[in-house]
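Undergrad: From first to last, the protein sequence lines are chains A and B.
If you count by my numbering, then the first sequence holds residues 1 to 245, one letter each, in order.
If you count by my numbering, then the second sequence holds residues 1001 to 1420, one letter each, in order.
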Amino acid sequence: MRVAFLGATKGMGRALARLTAERGDTICLLGRNSVDLERSAADLSVRGATGPVRGVVCDLEKPEAFTSAIDAAREALGGLDAVVVTAGVFATQEELEADPALAERLVRINFSNTVMFCEAAKKALLEEGGGTLCVFSSVAGERGRKPVIIYGAAKAGLTRYLEGLDHKHHAEGLRVVTVKPGFVKTSMTAGLEPPPFAGEPDAVARRVLGAMDRGAPVVYAPALWRLIMAVIRALPRAIMRRINF
Amino acid sequence: MGEDLERISADVNLSRGLGRSYGDASLPPDDEPTVLNTTFADRILSFDEDSGLFRAESGFTLGELNRLLMPRGYFSPVSPGTKFVTLGGMVAADVHGKNQHKDGNFGHHVTSLKMRVADGRVLDCSPERHADLFRATIGGMGLTGHILEVEFGMSRIPSQWICQESRRIHDIDEFQDALEESAPEWPYTMGWIDCLARGKNMGRGILMTGRWAEADQAPPRAPKPGFQPSLRFDWPSWVLSGLTIRLFNELYYRKQWRRRSSGIVSHESFYYPLDAIRSWNRMYGRRGFTQYQCVLPREAGRASARRVLDVLTARGGASFLCVIKDFGRESKGILSFPRPGITLALDIAVRDDTQDLVDALNEQVIQEGGRIYLAKDSFTRREHFEAMEGPRLDEFQAIRDRWDPNRRFRSAQSVRLLGD
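(1) Which parts of the region 1169-1222 of chain B are runs of the beta strand (DSSP E), unbroken and 3 residues or longer, counting only runs that do not cross its ends?
(2) Would T1380 of chain B be called buried (16 or more neighbouring beta carbons within 10 Å of its own) or exposed?
(3) With a threshold of 8 Å between beta carbons, is F1020 of chain B in contact with chain A?
(4) Could you round the C-beta distance between T1082 of chain B and F1060 of chain B to whole angstroms and report it? I think they count as a contact, below 8 Å.
(5) Name the two residues that bound the continuous alpha helix (DSSP H) containing I149 of chain A.
(6) Compile a chain-ordered list of the residues in the region 41-58 of chain A whose CB is closer than 7 Å to at least one CB of chain B.
(7) For K10 of chain A, would you say it is in contact with chain B, using Cβ-to-Cβ distances shorter than 8 Å as the test?
(8) Please classify N1406 of chain B as buried or exposed, where buried requires at least 16 neighbouring CB atoms within 10 angstroms.
(9) Do you know offhand how far E1128 of chain B's Cα is from L1113 of chain B's?
(10) Taking Cβ positions, are D1376 of chain B and G1002 of chain B nearer each other than 8 Å?
(11) Could you check if G141 of chain A is buried or exposed, using at least 16 other CB atoms within 10 Å of its CB as the buried criterion?
(12) Is the beta carbon of A223 of chain A sitting closer than 8 Å to the one on L19 of chain A?
(13) If I measure Cβ to Cβ from P1071 of chain B and keep anything under 8 Å in the same chain, skipping five residues before and after, which residues do I get?
(14) What do you get for Q1427 of chain B, buried or exposed, if any count of 16 or more other CB atoms within 10 angstroms of its CB means buried?
(15) Kindly list, in the order they appear in chain B, the residues whose Cβ is closer than 9 Å to that of A190 of chain A.
(16) Taking buried to mean at least 16 other C-beta atoms within 10 Å of its own C-beta, is Q1367 of chain B buried or exposed?
(17) Run through the DSSP bridge pairs and tell me what Q1291 of chain B is partnered with.
(18) Which word fits A21 of chain A, buried or exposed, when buried means at least 16 other C-beta atoms lie within 10 angstroms of its C-beta?
(19) With a threshold of 8 Å between beta carbons, is R1043 of chain B in contact with chain A?
(20) Mapping DSSP to helix, strand and coil, what is L44 of chain A?
(21) Just grab the DSSP bridge partners of Y1146 of chain B for me.
(22) Kindly say whether S1112 of chain B, judged by its beta-carbon, lies nearer than 8 Å to any beta-carbon of chain A.
(23) Under 8 Å, Cβ to Cβ, is there at least one residue of chain D near R39 of chain A?
(24) Identify every run of the alpha helix (DSSP H) within the region 1053-1125 of chain B, keeping only runs that are complete inside it and at least 4 residues long; order them along the chain.
(25) In whole angstroms, what is the alpha-carbon distance linking I1206 of chain B and L1393 of chain B?
(26) If G1140 of chain B and G1285 of chain B are in contact, beta carbons under 8 Å, what's the gap, nearest whole angstrom?
(27) Report the rounded CA-to-CA distance for A234 of chain A versus H167 of chain A, giving the unit in angstroms.
Laid out in structure tokens, this is it:
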């Protein structure tokens, strides 16, 4: 598989990129910081990635460069079979309420700019005759909840966009995989109190790679979150107003 | 916590890896609540398949190293008794393994470290460059600065299997003879002692020796990880009482009913028997346990081990697990633990009298001219530590005076033992 990652220098993206490296896939890394990209490229090379792991600078805050970054990745890989987007930002509801500029930036990065990146990636994959677009959304987009109002709204928008993309392009060979992680112990959630059913990045990565290989449209990780969110979605509004989940 | 150690180490004063050391070395002092967790900084930075030279961020773990590089014929030059350790922790404790008599400590194989030191600089040190900082950091329990990257030489192995031989030993003197005899022939040696056996049986146990199986001796497949049970709750304290420990020890000793037995085993069962049970420490109940590990120098003579065990048995200090091993190489690190002689490691469930027991053991070890392993210690008194370390401690503190005169880097352990 020739796969381009946006945001694989950290967290779940790092774990997923390592799995693909260990099975010998060909990898190109997109990210903000060229030194960081080089270090991750070295890690993936030693772990078994086929051919040199190339790094291409791409910042989710600079949408004007998305197309050229994807073109560069496509050229480095000699084609393109999959694009994985794990990049994004997180802040607590309190932080976002206290800092409107941060809230605006979070919604822009996690929603509009991620959508624009996916538009560019989709175009490239369709030109290749199809492929997999795997994007990390969140269970936070499943229902409006007190601790993740703004973050969840951005992720809800992203989930709906990906759903529509799947409906429109499935017949053309585009496999859109929407990943909905629950609480996963990464640096993004460090400092937050993990719930009892928190997941590990490696286990999430194994589940996501399985979904990519099968072309499954939606994957919850850890799997238990599918059940948890089904319950949360079914709760009456009166109860949601009372609980703090 | 975070992936970018260089950035997040700027304003924290102690690093911590997987937290498997038995003591308080990775805990912060009371007045400084923050510790840097390195485990997200776990990238491999380079590996030269020809020379075996390996470099990674300091949160990279030994378990990952084994998983990735053993199938390619490489193994860590030194491995402690658990694979749940980070490279940074292996440097800070200057860990040793069953091959200490032959290959020394992990620090003997480290070629370069990238560090953040007290004045904020990030720099490389090695046996040639900033040699004083390098020597103080090997075995320095994190008190010289943050270890950001570690470079060391890997060893080649012919297979992932070990030829193991076990041998019944009748007393402590025979044990020391047997370790010495096995040393030239076997790269890996260690022994289990039944600590409750007294009198003429004192120090009876089982000697385990091993070497890598050659490719034609080994099964044609890689060892598979077996079932990994996990202890999910603290056992009540009566479970590990004097009686059950006595029963376990008797059975374990009798299990080796042949004088000698041998076989091919996986490296995991040979190196990391306790890793097979996750959270095995919960066996010791809510109060937990401590480990006491000392080294008795060769000059103290054969009888010194018997004298230390006497202190333990006289006080009825029941030890579930007691390990004996000979050391053959002097350490490179200034405060590193190993030196040529015999080391004893005792697991001791914490009770009301644990402090008294450790004090008594320390007083005996001081008389023998020995010292203790900081990675295991949380009870030793400052005056005992000073009596053991003497000039080594002065040299260590002199280097800290040069690199960290304001004592930015401190731990609960350094407050207790060095008066920081």
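Just so it is clear, CB atoms sit at the ideal spot from N, CA and C, and this is done for glycine as well.
TA: Short version:
(1) 1188-1193 and 1205-1212
(2) buried
(3) Reading the sequence as shown, one finds Arg at residue 1020 of chain B and not Phe. Closer than 8 Å: no.
(4) That pair is no contact at about 15 Å.
(5) I149 to H169
(6) A42, D43, V46 and R47
(7) yes
(8) exposed
(9) 11 Å
(10) Residue identity check: residue 1376 of chain B is Lys in the sequence provided, not Asp. No, they are not a contact pair.
(11) buried
(12) no
(13) Q1160 and A1222
(14) With chain B represented from 1001 up to 1420, any question about residue 1427 of chain B goes unanswered, as that position is not in the structure.
(15) M1001, G1002, N1037 and F1040
(16) exposed
(17) B:D1347
(18) buried
(19) yes
(20) helix
(21) The question names Tyr, but residue 1146 of chain B is His in the sequence shown. H1146 of chain B is bridged to B:R1116.
(22) no
(23) The chain labelled as chain D is not found among the protein chains of the depicted structure, namely A and B.
(24) 1062-1069, 1087-1092 and 1100-1103
(25) 36 Å
(26) Not a contact, Cβ separation roughly 33 Å.
(27) 25 Å
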